[in-house]
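The structure appears below as structure tokens.
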Amino acid sequence: MLKQDPLQYRELAAKAVQDKQLHKALAKMRDKVGRNAENLYNQLPTGAGSRQAAKDVRRKIVDNLDVVLETLAANIRARGGHVHLAETGEDAVEYCLSVAKRHQVTRVVKGKSMLSEEIHLNDALEAAGIETVETDLGEYIVQLKGEAPSHIIAPAIHFTREQVGELFAEKLGEPYTDDPPTLTAMARKALREKMLGANMGISGGNTACAETGHVTIVSNEGNIRMATTMPRVHVVLLGIEKIAATLEDHNILLRMLTRAAAGQKISTYVSYVGGPRLPEEPDGPEEFHLVLVDNGRSRILADPDFREVLHCVRCGGCLNVCPVYMAIGGHSYGSPYCGPIGAVFTPLTQGINTCHHLCQGETLCGACKQVCPVDNDLPRMLSLLRFKLANGDRSWNVRPHSLPTKLVFGAWSVLMRHRRMYDAMRLLAGFCQRFLPRKNGWIRRLPGPLGGWTRGRDFPPLAKKSFAQGWARRDTTRRDA
Amino acid sequence: MTKPKRVTLFIQCIVDSCFPEVGEAMVKVLERQGLTLDYPPDQTCCGQPAFNAGYRDEAARLALHYLDVFEHAEVIVCPSGSCVNMVRHHYMELFAKDPRLLERAKRVAAKTFEFTEFLVDVLGVTDVGATWTGEVTYHDSCHLLRGLGVKDQPLALLSRVRGLKLVEMTRSDECCGFGGTFSAKYPEISEALLETKLANIQATGTGAVVGCDMGCLMHIQGMIRRRELPISVHHIAEILAGEE
Amino acid sequence: MSRIIERVRQALGVQAGDGRDKLVFAKSDDFVHCADVKVTAQERDGWMESIRTEAQALNLQVHECPDLDACGEAIASLARERDPEWGTAKQIMRWNDPILDGLGLETRLGADIAVKSVPKADSFSQSERQEFRREIIASYIGITTADYLLADTASLVLLGGRGRARSVSLVPSIHIAVVPRSRMLASYRQMLSLLSAMDLPSNVSIITGPSKTADIEATLVHGAHGPREMHLFVVAS
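Protein chains in written order, with numbering that gives the first Met the number 0: chain A, 0 to 480; chain Z, 0 to 243; chain C, 0 to 236.
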């Protein structure tokens, strides 16, 4: 799988904004799911208070994560499941490999898991000679193509039906078609074989229930159920923050998740799995492993300003309303987590300086905050990330991003406190603008860093007289009248 | 609704420097309501450009200046939702660690209003006696809409303008792509959002767009002029100041 | 394991055993008792109406039968009409459950279509499991009951256990669920409330319609990897 790089944000975005077909595809998510989410939340018994209710539940869980984790682990173990807490992505990968080796696994079938992308699990499995097959239709498509997913919920949204048709014709040897039902049936056939012939299934999880000792997996296709029921071994990868305490917690969390993610009241399948098959069950996995992964999350937990981002339920709702995401697509973010959530989570786990484009490359319009089912304030956190980039930050290992910019803003802020200075700068600017190319009064080209504006837009000239000057004159006129 | 004795004008730096006619239009509308106005000549900028770019210490200097200039006003009115949002929400973040400054900021924030919100919510007025013949479409600025929760007030005011026909655009609440320094640092993305906004404006067939924030409007107007599109751009103050 | 829990505790600034679990695992009275309501026949009629409405968009086919006899007849004719998706041999796999016993499918379909039941035993050998696996893969119809049927979402709740198998509602192309009317509940929330008062098995599946996907151009397609066709038979008595 190709390596993703958040430093390429600007280049990738510049290309993606010209991709009309991408925009058309993403607009479907926006119009079908994103813009209707609030209506769906309001239909719940909690009405307009639903997002706050979900937020309160997530906060309770995250603020007491130690208690919830311990109870979950104990109850899963009581069911005969194995629980491993992995500090790092590498640790989690090591564990999965060791389980696979012990069972002499030759093929792993995977349910969709963004966490598995985060820790580069597929690459490690393939390197160990284990065939790794994604079974979620969208993930299967991007895997066949050798690309990264471009949306948290709909990984292949950037493909046209024609492109999927060509891909299946090439890789599956099927006759070309662009009909989605036919294409889906082709994948159904190909993947059924893979799933029934695999020794190990690895899935993600949407949440867990600590009080009952289950992992909860939400899906529509049935592939996750199949990939985790038919093989002998089932391994679940779950971020330590994505768990819940009680089934009562699930009442609001699951119903908000499916509404935000896919505009559904409930998904086709909600599966609670907590351990290997019972002796009296003729099917189900022999072994069940829950791998709870930290990989930077406990560091976020320790920072009260950013802890809120751990409330995220990975619904992808913020992507579906973000005008920047809609224009640039998921690949521009250089991370399995794209869109607004990716813009906060990725810097906090991969490095704020490395991911500076993700911190700065959006307008803070607030649409994400408005739609988030757990009322996360992503704009606040992005603003805070920009602050850390501006000044540097020891606890997060941030170097100041641009000293020249800091100096300019510093000088500006000192001068702008004095109206006389403001007027003097205005006079100077008024003089300089005479040398700038103009058309119909507006400026065609601005120098230096401001030149980005005039790439495709004209810039307004300074008015002959400021409002203040006009007011002063009016006062004089009044006095004289 | 109580009519204040004196309304203090807070004129956004962009308006003061480049679009004074917007400030003048706002003055006209307020005076038509029989209000006495004053304008502290020392005012400069709320500090938002620095804050949005992450330069909070720098922004705080200007925030402090704002407090000094405006804290003795009875009520403060500004023709920009993003500036008022800065005062009402971000000043609290800037001064969170200083209880005295925080207190001062809270008091000033409580009496700082955006122009349309002042007319409708404080004065209780939707008919300002305006006339403006033509069709327009309205653009919701993000900070005004989501920051301040101001959505209905501008529409209510526009609906009472004689001769005006308001046509709704698709996704009027979608960001136009300005975003402050973002517009110069990420021009490709900024322009892409703007192109979508312009397409939605053009689809209304009105040939005119109105908004409450000159940041958005100068960005929109910038591409209209570059591409020589037949769309006129108006701040709501100009329409509300319109006469027969 | 404990190193990470320690790190989490440090991050939160808390101590172990300080009594927070009471708060974390507390259940509201309202939630605990929300299923303790007497239901009238009229309400159940309303629920059926809701189920029928929900089922349409889900492509879930709902049939109402007065008794198991009528239900058995209907299922038998369905089985005769449908062709297997893979191969030509027709075989049905059903849960081993008194309700499904009452359908009399073995008698109705006799020599034409094999009807197998999930074996009931305290445990299974490796070869017995492999045998069952072969049988379920060879079945074009899987029949289960359900522990609950939810009115607000038309969902079925299937708890794992003896005589039941997870793959019956999953691997065959067609899933048929036979549920007595008395097992209807008003809402998802009531179901969660009831489950939280039980000792749950290691597997619970909540199924709402046949499988689907919208991964290609956000176009909804019914029939992804799970069953592509699903029938709900609600039996009055």
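Ideal Cβ positions, reconstructed from N, Cα and C, are used throughout, including at glycine.
{"query": "Outcome for C/D96 when other beta-carbon atoms lying within 10 angstroms are tallied against a minimum of 16", "result": "buried"}
{"query": "A/G221 versus C/G225: straight-line alpha-carbon distance, rounded", "result": "4 Å"}
{"query": "Where A/Q162 sits in the DSSP three-state scheme", "result": "helix"}
{"query": "Cβ-based contacts, 7 Å cut-off: residues of the region 436-457 of chain A near chain Z", "result": "N439, W441, P448, L449, G451, W452, R454, G455, R456 and D457"}
{"query": "contact_flag[the region 239-256 of chain A, the region 15-30 of chain A] where n(CB pairs < 8 Å) is 3 or more", "result": "no"}
{"query": "Complete runs of the beta strand (DSSP E) confined to the region 82-109 of chain C [at least 3 residues]", "result": "90-93"}
{"query": "Interface flag, C/K211 vs chain A, CB-CB below 8 Å", "result": "yes"}
{"query": "Chain Z contact for A/W395 (CB, 8 Å cutoff)", "result": "no"}
{"query": "Proximal residues to A/R398 (C-beta, below 7 Å), its chain only, five neighbours per side dropped", "result": "N352 and G391"}
{"query": "contact_flag[the region 90-100 of chain Z, the region 132-145 of chain Z] where n(CB pairs < 8 Å) is 3 or more", "result": "no"}
{"query": "Residue burial classification, A/K2 (beta-carbon count within 10 angstroms, cutoff 16)", "result": "exposed"}
{"query": "Top-ranked residue by Cα proximity to C/S124, from A/T105, A/K109, A/D282 and A/R258", "result": "A/D282"}
{"query": "Against chain Z: residues of the region 51-84 of chain A by CB proximity under 9 Å", "result": "none"}
{"query": "Range covered by the beta strand (DSSP E) that runs through A/K368", "result": "Careful: A/K368 lies outside any beta strand (DSSP E), inside the alpha helix (DSSP H) at A366 to V370."}
{"query": "Test: A/M0 CB closer than 8 Å to a CB of chain Z", "result": "Low per-residue confidence applies at A/M0: pLDDT is 45, beneath 50, and the placement is therefore not dependable enough to give any value."}
{"query": "8 Å Cβ cutoff met for A/R456 and Z/R225", "result": "yes"}
{"query": "Distance between beta carbons of A/Q51 and A/D374, contact taken as under 8 Å", "result": "6 Å"}
{"query": "Where A/S465 meets chain C, residues with beta-carbon distance less than 7 Å", "result": "Simply none; closest approach about 51 Å."}
{"query": "Strand pairing of C/G211, partner residues [DSSP]", "result": "Looking at the sequence shown, residue 211 of chain C is not Gly but Lys. Bridge partners of C/K211: C/H221."}
{"query": "Interface flag, A/S115 vs chain C, CB-CB below 8 Å", "result": "no"}
{"query": "Any chain Z beta carbon closer than 8 Å to A/G409", "result": "yes"}
{"query": "Start-to-end residues for the beta strand (DSSP E) that takes in A/G212", "result": "No beta strand (DSSP E) contains A/G212, which DSSP labels as neither H nor E."}
{"query": "The region 164-187 of chain C: positions lying closer than 9 Å to chain E by Cβ", "result": "Chain labels in this structure do not include chain E; the protein chains are A, Z and C."}
{"query": "Enclosing beta strand (DSSP E) for A/R106 [first to last residue]", "result": "R106 to K109"}
{"query": "Cβ shell of Z/T1 (< 6 Å), same chain only, five flanking positions each side left out", "result": "none"}
{"query": "Validate contact between the region 293-313 of chain A and the region 61-70 of chain A using beta carbons, cut 8 Å, 3 pairs", "result": "yes"}
{"query": "Burial state of Z/M91 (16 or more Cβ within 10 Å)", "result": "exposed"}
{"query": "Start and end residues, beta strand (DSSP E) containing C/Q139", "result": "According to the sequence displayed, residue 139 of chain C carries Tyr and not Gln. First-last for C/Y139: undefined, no H or E at that position."}
{"query": "Residues of the region 17-30 of chain C with Cβ closer than 7 Å to any Cβ of chain A, in chain order", "result": "R19, D20, V23, F24, K26, S27 and F30"}
{"query": "Proximal residues to C/K26 (C-beta, below 8 Å), its chain only, five neighbours per side dropped", "result": "S195"}
{"query": "Burial state of C/Q55 (16 or more Cβ within 10 Å)", "result": "exposed"}
{"query": "Minimum length 4: unbroken alpha helix (DSSP H) runs contained in the region 355-432 of chain A", "result": "355-359, 366-370, 377-390, 402-414 and 418-431"}
{"query": "Spatial distance of A/K31 from A/C95 (CA atoms)", "result": "37 Å"}
{"query": "DSSP beta-bridge partners of C/N202", "result": "A/V272"}
{"query": "Reference A/C337, options A/H355, A/P322 and A/L318, closest by Cα", "result": "A/L318"}
{"query": "8 Å CB neighbourhood of C/W94 in its chain, flanking five on each side removed", "result": "S116, V117, I142, T143, T144, G162, R163, A164 and V167"}
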